[in-house]
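In the order they appear, the protein sequences are chains S and D. In terms of this note's numbering, the first sequence opens at residue 6 and continues consecutively. In terms of this note's numbering, the second sequence opens at residue 3 and continues consecutively. Note that CB positions come from ideal geometry on N, CA and C, so glycine has one too.
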Amino acid sequence: ILNVEQSPQSLHVQEGDSTNFTCSFPSSNFYALHWYRWETAKSPEALFVMTLNGDEKKKGRISATLNTKEGYSYLYIKGSQPEDSATYLCAFSHGQNFVFGPGTRLSVLP
Amino acid sequence: DAGVTQSPTHLIKTRGQHVTLRCSPISGHKSVSWYQQVLGQGPQFIFQYYEKEERGRGNFPDRFSARQFPNYSSELNVNALLLGDSALYLCASSAVQTSVVTDTQYFGPGTRLTVL
Chain S
6 ILNVEQSPQS LHVQEGDSTN FTCSFPSSNF YALHWYRWET AKSPEALFVM TLNGDEKKKG
66 RISATLNTKE GYSYLYIKGS QPEDSATYLC AFSHGQNFVF GPGTRLSVLP
Chain D
3 DAGVTQSPTH LIKTRGQHVT LRCSPISGHK SVSWYQQVLG QGPQFIFQYY EKEERGRGNF
63 PDRFSARQFP NYSSELNVNA LLLGDSALYL CASSAVQTSV VTDTQYFGPG TRLTVL
């Protein structure tokens, strides 16, 4: 059974703080690593799809890195804002299956 | 453009009953995936369909089945419902411009199923 882990489970930061989360996944049979943001009462929103070792992606204040050899990805948020409050999910795809982590719940306090 | 739509929004069933959930992908998307999300956990992959064929299946019992229609919409069927089937069921579509596993998936709002 493939296991995708995310840490921390939850995080409370002050507005303006920068923060980062970790996603750990199996390093074998890697196809892609997806990051999603899921706000309460909304649909999960795709942030990044990463496929190459050493990949770095950026979208506004959010960026992500990928290390497929050691099986981890970091998601960074610079200068957190209250609207960044959400659950951040990573999903590991291998072959034709997707395995999601449990998510990191971020709360940004004004 | 309309996003991924799912129906119904909420559903209450009793144990042993059957349920059908429906999903309409974004126009032009040919792949649909189904996920089950239980509170406190990440979504669990159930099925992926591409061009009306099953391309992937998660670790779910045979009570779960799905199909994709010529217009690329999809149905998820669950027979002999158990209390543990209570969950949010999410549908996601992708355009499959490169690969079914590397393309961005766009999620619908989900169907909340409660089994009593």
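Cβ shell of residue i (< 6 Å), same chain only, five flanking positions each side left out
| i | result |
| --- | --- |
| S35 (chain D) | Q50, A94 |
| C28 (chain S) | Q11, S78, C95, G106 |
| D60 (chain S) | L71 |
| I14 (chain D) | T116 |
Coil, strand or helix - residue i by DSSP
| i | result |
| --- | --- |
| E88 (chain S) | helix |
| L85 (chain D) | helix |
| V113 (chain S) | strand |
| A37 (chain S) | strand |
| E20 (chain S) | coil |
| S32 (chain S) | coil |
| S76 (chain D) | strand |
| S67 (chain D) | strand |
| F47 (chain D) | strand |
| V21 (chain D) | strand |
| F62 (chain D) | coil |
| Q38 (chain D) | strand |
| T27 (chain S) | strand |
First through last residue of the beta strand (DSSP E) which encompasses residue i
| i | result |
| --- | --- |
| G58 (chain D) | 55-59 |
| I82 (chain S) | 77-82 |
| F105 (chain S) | 102-105 |
| S48 (chain S) | Run containing S48 (chain S): none; DSSP gives neither H nor E here. |
| K15 (chain D) | 12-15 |
| L57 (chain S) | Note, L57 (chain S): premise wrong, no beta strand (DSSP E); not H, not E. |
| S29 (chain D) | Careful: S29 (chain D) lies outside any beta strand (DSSP E) and carries neither H nor E. |
| A69 (chain S) | 67-72 |
| V9 (chain S) | No beta strand (DSSP E) holds V9 (chain S); DSSP gives it neither H nor E. |
| V117 (chain D) | 113-117 |
| Q8 (chain D) | 7-9 |
Own chain residues within Cβ distance below 8 Å of residue i, not counting five before or after
| i | result |
| --- | --- |
| F26 (chain S) | Q11, S12, P13, L16, Y79, L80, Y93, T109, L111 |
| S75 (chain D) | R24, C25, S26, P27, V34 |
| S32 (chain S) | T73, K74, E75, G76 |
Contacts around residue i, its chain only, beta-carbon distance under 7 Å, and the 5 residues preceding and following it disregarded
| i | result |
| --- | --- |
| R7 (chain D) | In the sequence under discussion, the amino acid at residue 7 (chain D) is Thr, which differs from the Arg named in the question. Around T7 (chain D): S26, G110. |
| R66 (chain S) | I82, K83, G84 |
| S10 (chain D) | This sequence places Pro at residue 10 (chain D); Ser is not what is there. So the list reads T113, once near-sequence residues are dropped. |
| Q70 (chain D) | V34, Y51, K54, S76 |
#### Entry: Residues in the stretch 62-73 of chain S having any Cβ partner in chain D nearer than 7 Å
none
### Message
If contact is defined by three or more beta carbon pairs under 8 Å, each pair taking one atom from either stretch, is the stretch 88-105 of chain S in contact with the stretch 9-18 of chain S?
### Response
With the cut-off at 8 Å, the stretch 9-18 of chain S and the stretch 88-105 of chain S touch.
#### Entry: Three or more C-beta pairs below 8 Å linking the stretch 102-110 of chain S and the stretch 63-82 of chain D
no
### Query
Do the stretch 27-34 of chain D and the stretch 43-51 of chain S touch if we need at least three Cβ pairs shorter than 8 Å?
no
### Query
Contact between the stretch 82-89 of chain D and the stretch 64-84 of chain S: three or more CB pairs below 8 Å?
no
### Query
Looking at chain D, which residues of the stretch 90-114 of chain S have a Cβ within less than 8 Å of any of its Cβ atoms?
L94, A96, S98, H99, G100, Q101, N102, F103, V104, F105, G106, P107, G108
### Message
Any C-beta of chain S within less than 9 Å: which residues of the stretch 38-51 of chain D qualify?
### Response
Q39, G42, Q43, G44, P45, Q46, F47, Q50
### Task
Check distances from the C-beta atoms of the stretch 23-45 of chain S to those of chain D and list, in chain order, the residues that come in under 9 Å.
Y36, A37, H39, Y41, W43
### Selection of the stretch 101-118 of chain D by Cβ proximity to chain S, strictly under 8 Å
S101, V102, V103, T104, D105, T106, Q107, Y108, F109, G110, P111, G112
### Message
Give me the subset of the stretch 58-80 of chain D whose CB atoms are less than 7 Å from a CB atom of chain S, sorted by chain position.
### Response
The residues in question are G58, G60.
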